[in-house]
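Residue numbers (our numbering), protein chains in the order written: chain A, 1 to 121; chain B, 122 to 233.
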């Protein structure tokens, strides 16, 4: 399995531009999570989906942030317009549904993608 | 709101030392506590703990949970430079999906 795939790996953009981050979760995982990591605030959960449905978006900072999951194998996180304070590493993670019936090491272990390092100038 | 506090924030030790990392938490309807190691890239899973008093071990790393006092420790014996990383603690509560609340992490540096 290729693991969680994120693109791009690095993004440098100017303030005011739209940024779209992409994620492909591990096949068969039913939960998908978007995190933001900064030195000051650590790893913060932005939003998570279960079976493609947004469950909790209370971590989304403001209306400039939006996330979609049109199908089980793809999700996007969009920032429009971007601001310098959005600069961070954005991680996507996926997890199997707890009662999926499959034998996992941990029923709610999350598998992280390599992250997208976003710099907004 | 679930909360996780890790200590110390950072730590520098010499190779061969033993270290103990702490994680305390407040969570409604606790389900599990997880430890992750983050080097340069994404966090990687170390342990999941659900029951008090049962030690989980993997090589030189071990962890234990105290659900009465609401904390966990991660021990690393005979540290090596490859153990240098940020160690993240996270908790989950019961619910429909595997939402995790993370602490800010402990940055461990192991020197020669």
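Cβ atoms here follow ideal geometry from the backbone N, Cα and C, with glycine treated the same way.
Quick caveat, the model's predicted, so the values are computed rather than measured.
Considering only the alpha carbon of each residue, which of the options lies closest to residue i?
i: residue 82 of chain A; options: A/67, A/7, A/33, A/16; result: A/16
i: residue 129 of chain B; options: B/233, B/227, B/231; result: B/227
i: residue 207 of chain B; options: B/215, B/138, B/214, B/160; result: B/160
i: residue 121 of chain A; options: A/30, A/114, A/87, A/10; result: A/87
i: residue 153 of chain B; options: A/29, A/118, A/117, A/109; result: A/109
i: residue 148 of chain B; options: B/221, B/233, B/133; result: B/221
i: residue 181 of chain B; options: B/137, B/127, B/229; result: B/137
i: residue 80 of chain A; options: A/18, A/2, A/6; result: A/18
i: residue 173 of chain B; options: B/167, B/194, B/127, B/186; result: B/186
i: residue 68 of chain A; options: A/85, A/58, A/48, A/84; result: A/48
i: residue 46 of chain A; options: A/33, A/40, A/38, A/39; result: A/33
i: residue 4 of chain A; options: B/198, B/165, B/202, B/132; result: B/165
Rounding to the nearest angstrom, what Cα-Cα distance links residue i and residue j in this structure?
i: residue 27 of chain A; j: residue 74 of chain A; result: 10 Å
i: residue 123 of chain B; j: residue 188 of chain B; result: 15 Å
i: residue 224 of chain B; j: residue 12 of chain A; result: 28 Å
i: residue 24 of chain A; j: residue 93 of chain A; result: 9 Å
i: residue 62 of chain A; j: residue 91 of chain A; result: 18 Å
i: residue 60 of chain A; j: residue 53 of chain A; result: 15 Å
i: residue 215 of chain B; j: residue 151 of chain B; result: 6 Å
i: residue 190 of chain B; j: residue 169 of chain B; result: 18 Å
i: residue 31 of chain A; j: residue 51 of chain A; result: 6 Å
i: residue 196 of chain B; j: residue 158 of chain B; result: 13 Å
So, is the C-beta of residue i closer than 9 Å to a C-beta in chain A?
i: residue 129 of chain B; result: no
i: residue 158 of chain B; result: no
i: residue 223 of chain B; result: yes
Taking only beta-carbon positions, decide if residue i is within less than 9 Å of chain B.
i: residue 154 of chain A; result: One cannot answer for residue 154 of chain A here, as it falls past the ends of chain A, which runs 1 to 121.
i: residue 65 of chain A; result: no
i: residue 105 of chain A; result: Residue placement at residue 105 of chain A is flagged as unreliable, the pLDDT there being 41, under the threshold of 50; the coordinate-derived value follows with that caveat. Yes, residue 105 of chain A counts as interfacial toward chain B.
i: residue 45 of chain A; result: yes
What does residue i touch in chain C if you count any residue whose Cβ is under 7 Å from its own?
i: residue 56 of chain A; result: In the structure shown, chain C does not exist; the protein chains are A and B.
Fill in: Selection of the segment 161-188 of chain B by Cβ proximity to chain A, strictly under 8 Å
Against chain A - using a Cβ distance shorter than 8 Å - the residues of the segment 161-188 of chain B are 162, 163, 164, 165, 166, 169.
Practice prompt. Name, going along the chain, the residues of the segment 69-87 of chain A whose beta-carbon falls closer than 8 Å to a beta-carbon of chain B.
Written response: Taken residue by residue, none of the segment 69-87 of chain A has a beta-carbon sitting less than 8 Å from a beta-carbon on chain B.
Item to complete: Taking a Cβ distance cut-off of 8 Å, strictly less, list which residues of the segment 11-26 of chain A are near chain B, in chain order.
Response: Of all residues in the segment 11-26 of chain A, none is placed with a Cβ closer than 8 Å to any Cβ belonging to chain B.
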